[in-house]
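All you need for our numbering is the position in the first sequence, starting with 1, plus 10.
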Amino acid sequence: MIDRDFHLRDHDLYRYIFDMAVQIPTGMVSTYGTMARSLGDQAASRAVGMMLAADHARPFKVPCHRVIYSDGRTGWYTGAGKGEERKRELLLSEGVPISDGRVLDLERTVFKDFRVDPILTRMADSQRELAPLVSEHGDAMRFERIAGLDVSYDGDRAFSAMVTVNRDGKVLEEKTARCQVNFPYVPGYLGFREMRPYSSLLNKARQDTLYLIDGHGRAHPRRAGIACQFGVVHGIAVGGVAKSVLTGSMETGSLYIENEEVGRVIKDGQGRERFISVGNRVDLTSLCSLVSSISHNPTTLAHDLCTRYRKGRS
DNA sequence: GCGACAG
DNA sequence: ATCTTGTCGC
11 MIDRDFHLRD
21 HDLYRYIFDM
31 AVQIPTGMVS
41 TYGTMARSLG
51 DQAASRAVGM
61 MLAADHARPF
71 KVPCHRVIYS
81 DGRTGWYTGA
91 GKGEERKREL
101 LLSEGVPISD
111 GRVLDLERTV
121 FKDFRVDPIL
131 TRMADSQREL
141 APLVSEHGDA
151 MRFERIAGLD
161 VSYDGDRAFS
171 AMVTVNRDGK
181 VLEEKTARCQ
191 VNFPYVPGYL
201 GFREMRPYSS
211 LLNKARQDTL
221 YLIDGHGRAH
231 PRRAGIACQF
241 GVVHGIAVGG
251 VAKSVLTGSM
261 ETGSLYIENE
271 EVGRVIKDGQ
281 GRERFISVGN
291 RVDLTSLCSL
301 VSSISHNPTT
311 LAHDLCTRYR
321 KGRS
């Protein structure tokens, strides 16, 4: 049984990062990569840097200047008196050894013993648990309704949209929603950023509708991309329609992970290249045929709608 | 230089 | 993803 609430919840990764930063003792530093690894995945290192630099509400004072690059480079400080120079000043005044813009003796100066819940490990485990629940069977052509979904952002305010068309490409329904997300984009964990914005578009999960999501399904390091998460959590048919590759190798129009075909490249109704992979309850071949055959890609329609919605309401 | 990571 | 400027094609 999958923990639906775990997938649907807004996990506040900012709070995790702030709670970690205050654990770095005066006179020591940590690195973006070290903090990401403590959370469970080094892939989040850029996200750690983005969160520390972001203009985001903080419940207490966060010593961002104590977080540096893993090669010792001090980097930038976005707080009061911003700049490279200010960050070095602050660290020097705290007794951190710096020379030539680099923190010295990293073995001793880099703090690694964070006390934190390894949330990314739990998320990755949850994706591995979900992967075997994905069904790759079902004819995409049997659906009367095809719904494209996408999200647009203003900072961490998400504006999502769903456009439902029939197989002739005629628009049957449009819907928008907005919500706050506090989980940044981390490669491999997109589902934990966008599950709520997408789910808030669903009055009820419809079995007569094929949902197409901007992102991958099985073409994911743990075979559980956002299209799989959305499909299994709601028990619906979903296809992944991505603009670029996340993982795997391309050979003659197919995307492979360890000799298994996990996706295909096609041209959509507008002639644009898209990477298709199974989310849930459809087979790859009919899914590709469907996306190629619809004159207006519902995912593109949803992209345009949520962009307009954001610009009109933010 | 390599590898390169959805949105 | 978003921002911003510049360029191309209709």
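C-beta atoms are modelled at their ideal positions from N, C-alpha and C, and glycine is treated no differently.
Since we're looking at a predicted model, the values are computed, not measured.
- Counting the other Cβ atoms within 10 Å of the Cβ of Gly105 gives fewer than 16, which makes it exposed.
- In this structure, Val161 lies away from Pro197, with their beta-carbon atoms at least 9 Å apart.
- Taking 8 Å as the upper bound for CB-CB distance, Ser287 and His226 are in contact here, some 5 Å apart.
- Pairing Val243 with His17, the inter-Cα distance amounts to about 8 Å.
- The beta carbon of Asp149 is closer than 6 Å to those of Ser296 in its chain, skipping five residues each way along the sequence.
- Distances from the alpha-carbon of Arg14 to those of Phe28, Val301, Tyr195, Ser209 put Ser209 closest.
- For Gly250, the beta-bridge partners assigned by DSSP are Ile223, Ser287.
- Check the Cα spacing between Gly93 and each of Leu212, Cys74, Ala168: the tightest is with Cys74.
- The three-state secondary structure of Ile304, taken from DSSP, is coil.
- Assignment of Glu183 by DSSP, reduced to helix, strand and coil, places it in the strand class.
- Nearest C-alpha to His306 among Gln280, Arg291, Val292: Gln280.
- With distances taken between CA atoms, Gln190 lies nearest to Ala168 out of Val272, Ala168, Leu23, Thr174.
- Counting the other Cβ atoms within 10 Å of the Cβ of Gln217 gives fewer than 16, which makes it exposed.
- Contact between the segment 255–274 and the segment 228–238 is present: three or more C-beta pairs spanning the two stretches fall below 8 Å.
- Taking a contact as a CB-CB distance under 8 Å, the pair Ser264 and Glu271 counts as one, their CB atoms being some 5 Å apart.
- Residues Phe28 of the same chain have their beta carbon placed closer than 7 Å to that of Arg68, with the five preceding and five following residues left out of the count.
- Scanning the segment 23–104 for uninterrupted beta strand (DSSP E) segments of 3 residues or longer gives nothing; none is fully contained.
- Assignment of Gln239 by DSSP, reduced to helix, strand and coil, places it in the helix class.
- A contact between stretches requires three or more CB pairs, one per stretch, nearer than 8 Å, and the segment 304–323 meets this requirement with the segment 165–184.
- In this structure, Leu222 and Ile276 do not form a Cβ contact; the two beta carbons are roughly 12 Å apart against a cut-off of 8 Å.
- Here Ile129 carries a helix assignment [DSSP, helix/strand/coil].
- Rounded to whole angstroms, the separation of the alpha carbons of Arg318 and Arg96 is 40 Å.
- The alpha-carbon separation between Lys321 and Asp314 amounts to approximately 11 Å.
- If you ignore the 5 residues before and after Arg76, its C-beta comes within less than 6 Å of the C-beta of Ile34, Val39, all in its own chain and listed in chain order.
- In the displayed model, Asp149 falls within coil according to three-state DSSP, outside both helix and strand.
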